[in-house]
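Peer 1: All letters in the first sequence, in the order written, are residues 4 to 493 by our numbering.
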Amino acid sequence: MENNLIIYNTLTRKKEVFAPLNPPFVGLYVCGPTVYGDAHLGHARPAITFDLLFRYLQYTGFKVRYIRNITDVGHLVNDADDGEDKIEKKAKLDQMEPMEIVQRYTNRYHKSMEQLNTLSPSIEPHASGHIIEQQELVKKIIDNGYAYESNGSIYFDVEVYSKKYDYGKLSGRKIDELFTNTRQLEGQEEKKNPADFALWKKASPEHIMRWPSPWGNGFPGWHLECSCMSQKYLGDTFDIHGGGLDLQFPHHECEIAQSTAAYGHEAVRYWIHNNMVTINGQKMGKSLGNFITLDELFSGKNNVLEQAYSPMTVRFFMLQAHYRSPLDFSNDALKAAQKGYERMMAAVKALDKIKATSENTVDVDNLSTQCFEAINDDLNTPILISCLFDGVRIINSLASGAEKIDEDNLVKLKKLYHDFIFDILGLKNEEGTNDASSQALGKVIDLVMSIRTEAKQKKDWATSDKIRDELKGAGIIVKDTKEGYEWSIE
RNA sequence: GGUCGGUUGGCCGAGAGGUUAGGCAGCGGUCUGCAAAACCGUGUACAGCAGUUCAAAUCUGCUACCGACCUCCA
């Protein structure tokens, strides 16, 4: 499959043909979490969006190196001189070591990501493991004249930089407006200009996470780690940088400035941003306190949730919206997604039982073309899924014998669904595992159902219905089919 | 206040100058002992006002409302 992917580049505000720098290799960097709390629905969006991209690029034959960082130092609560580190603040609160917090929430993040069936990145670098490299980058920026020292901290000089380069090109900001509109926060006297940002910060005496540097004991600035680690592992020019739309400014704008100041050219060729998850129309975020963690979602333990929603329901829900549109959380929307997901997966299962005939009445090639057109058009998963639902109708009609398919087309159809559902969209079956107890359950149900079949043959509807109703009460749904019956756990 | 984006049927959510998005829910039907599922059929949708055009939900202008970023957030 040749590559026809068109992707929206935030930098140019246009959809562009994706052409990697060194095919077949692709470098992909995505901003990962700051690990000071549980992952919430908002974190699932970039994880799923870029997992989709990662999967699709690999599917089309690219060798992708996917980097997603773990921010474990330098992300401050605010930008004031005495701004607290988020990790350190949480550590104090929980009376733990900062690295204990980092480990705990990294582990929990991994578990959530695994539940969502996202593939692990190729490399998952930690900011604290790249202090030397970050210091080297700071030195380069200082040597090139774009940073200055102030009271043991190093700041990026936005004014000097903007004389030669366009600071604000990614987020569409004008430098004059930045200088006049940047909010004046307390305790920023060290900066020449409020728009300047920290590359390295001096550690106050009580600050635990600190490293020696040419400028004294301190710690790296938040924006620095991504510039540093992306270029370390992907080269000083690489293909794709992704992240949430909320990181566009200042985080990604600062990254561009840092890389350009250090190397004389930009690092990133395609900037891709996913939109936000909202709740009641408002961004779901830590600062607003309106977030639903993934664990709560999967367990239903949050008072805004009417029920639990499975990881695949959540994944399907997100994929039914385009990644660049905001997506509003609601119970109704999740419930609809759950039904849709079940319908889709039931059809995929039904596909396995379909037998080829000599006749053929369905157009698999056309369906396939439409699916690829959708995914190639800026990862348009809502259209892709709508095409796959068109195919669900075809599959169900084949299953009931209303349509016919020949061997060639059946092979193509099975491959199409296998590839898109499992490999590209990254969905999976959530039905019971194959362990000993579920196998035993299967045998018990088959036994009970054989009794019911006997009853049905004797037209003993009372017994037959009783068995079905009792099983339903136990959470087992029985459906009669032409061949016999099917059952599933509710 | 500045910059940018949005407003689509009961709900979610695509599309984007003329042709059915899709899902969920609803309604009618077929099938089935009954269910369920499935299949078939079914919706005066595009915030308002004005303009451009043979044709506008889609382009332009204005108005209203909502949101994001501008301070940490995926």
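Where is the CB? At the ideal position from N, CA and C, for every residue including glycine.
Counting C-beta neighbours from all protein chains within 10 Å, is the total for Glu309 16 or more, i.e. buried, or is it exposed?
Peer 2: Counted from its first residue, the first sequence places residue 309 at position 306. With fewer than 16 Cβ atoms within 10 Å of its Cβ, Glu309 is classed as exposed.
Peer 1: Check the DSSP bridge columns for Tyr11 and list the partner residues they point to.
Peer 2: Taking the first residue of the first sequence as 1, we reach residue 11 at position 8. Tyr11 is bridged to Lys18.
Peer 1: When we look at the beta-carbon of Glu91 and count the other beta-carbons within 10 Å, is it buried (16 or more) or exposed?
Peer 2: As a first step, residue 91 must be located in the first sequence, where it is residue number 88. Classification of Glu91: buried, given that the 10 Å Cβ count is 16 or more.
Peer 1: Report the partner residues of Gly487 according to the DSSP bridge assignment.
Peer 2: One-based indexing of the first sequence puts residue 487 at position 484. Answer is none; Gly487 lacks a bridge partner.
Peer 1: Checking 8 Å against the spacing of the C-beta atoms, do Ala353 and Glu410 come in under that value?
Peer 2: For the purposes of this step, residue 353 is identified with residue 350 of the first sequence, where counting begins at 1. For the purposes of this step, residue 410 is identified with residue 407 of the first sequence, where counting begins at 1. For Ala353 and Glu410, no; Cβs fall outside 8 Å.
Peer 1: Nearest by alpha-carbon distance to Leu499: which of Asp472, Ala458 and Leu202 is it?
Peer 2: The structure shown has nothing for residue 499, since the chain only spans 4 to 493.
Peer 1: Can you give the Cα-Cα distance for Pro26 and Ile479, rounded to whole angstroms?
Peer 2: Taking the first residue of the first sequence as position 1, residue 26 is located at position 23. Taking the first residue of the first sequence as position 1, residue 479 is located at position 476. Computed Cα separation, rounded: 50 Å.
Peer 1: Counting beta carbon pairs with one atom in the segment 5–21 and one in the segment 207–223, are three or more of them shorter than 8 Å?
Peer 2: no
Peer 1: Do three or more CB pairs link the segment 216–230 to the segment 126–146 at distances below 8 Å?
Peer 2: yes
Peer 1: Anyone know if the C-beta pair for Phe241 and Met287 falls short of 8 Å?
Peer 2: Taking the first sequence and counting its residues from 1, the one referred to as residue 241 is at position 238. Taking the first sequence and counting its residues from 1, the one referred to as residue 287 is at position 284. No.
Peer 1: Can you list, in chain order, the residues of its chain with a C-beta nearer than 6 Å to that of Gly30? Leave out the 5 residues immediately preceding and following it.
Peer 2: Position 27 of the first sequence, counting from 1, holds the residue named residue 30. Same-chain partners within the cutoff: Arg68, Leu237, Phe241 and Asp242.
Peer 1: Tell me whether Ile492 sits in a helix, a strand or coil according to DSSP, three-state version.
Peer 2: Within the first sequence, the letter at position 489 stands for residue 492. Strand at Ile492.
Peer 1: Which residue's Cα is closest to the Cα of Leu8: Leu450, Asp381 and Arg327?
Peer 2: The count along the first sequence starts at 1 and reaches residue 8 at position 5. Looking at the Cα atoms, Asp381 is the closest of the given residues.
Peer 1: Per DSSP, what are the beta-bridge partners of Glu252 in this structure?
Peer 2: Within the first sequence, the letter at position 249 stands for residue 252. The question names Glu, but residue 252 is Phe in the sequence shown. Beta-bridge pairing links Phe252 to no other residue.
Peer 1: Closest to Lys95 by CA distance: which of Asp335, Met348, Glu209 and Met279 is it?
Peer 2: For the purposes of this step, residue 95 is taken as the residue at position 92 of the first sequence. Cα-wise, what sits closest to Lys95 is Glu209.
Peer 1: Mark Leu450 as exposed unless 16 or more other C-beta atoms lie within 10 angstroms of its C-beta, in which case mark it buried.
Peer 2: Indexing the first sequence from 1 puts residue 450 at position 447. By the neighbour-count rule (16 or more Cβ atoms within 10 Å), Leu450 is not buried but exposed.
Peer 1: So if DSSP puts Ala1 in a beta bridge, which residue, or which two residues, is it bridged to?
Peer 2: Shown here, the chain extends from 4 to 493; a query on residue 1 therefore has no answer.
Peer 1: What number of angstroms, rounded off, separates the C-alpha of Ala22 from the C-alpha of Lys194?
Peer 2: Reading the first sequence from its first residue, position 19 is the one you call residue 22. Reading the first sequence from its first residue, position 191 is the one you call residue 194. Cα to Cα, Ala22 sits roughly 40 Å from Lys194.
Peer 1: Just the C-alpha distance for Met348 and Cys374, rounded to the nearest angstrom, thanks.
Peer 2: Looking up residue 348 in the first sequence gives position 345. Looking up residue 374 in the first sequence gives position 371. Using only the alpha carbons, I get a separation of about 17 Å.
Peer 1: Pull up the distance between the alpha-carbon of Glu5 and that of Tyr62, whole angstroms please.
Peer 2: Within the first sequence, numbered from 1, the residue matching residue 5 stands at position 2. Within the first sequence, numbered from 1, the residue matching residue 62 stands at position 59. With a pLDDT of only 49 at Glu5, under the threshold of 50, the placement of this residue in the model should not be trusted, and no figure is reported.
Peer 1: Counting along the chain, where does the alpha helix (DSSP H) carrying Tyr112 start and finish?
Peer 2: Counting from 1 along the first sequence, the entry for residue 112 is found at position 109. Here the alpha helix (DSSP H) through Tyr112 covers Pro101 to Gln118.
Peer 1: Going by the beta-carbon positions, is the gap between Asn399 and Arg48 smaller than 8 Å?
Peer 2: Position 396 of the first sequence, counting from 1, holds the residue named residue 399. Position 45 of the first sequence, counting from 1, holds the residue named residue 48. Not a contact, by the Cβ cut-off of 8 Å.
Peer 1: Per DSSP, Phe222 is paired with what?
Peer 2: Along the first sequence, one-based indexing puts residue 222 at 219. Phe222 is bridged to Lys204.
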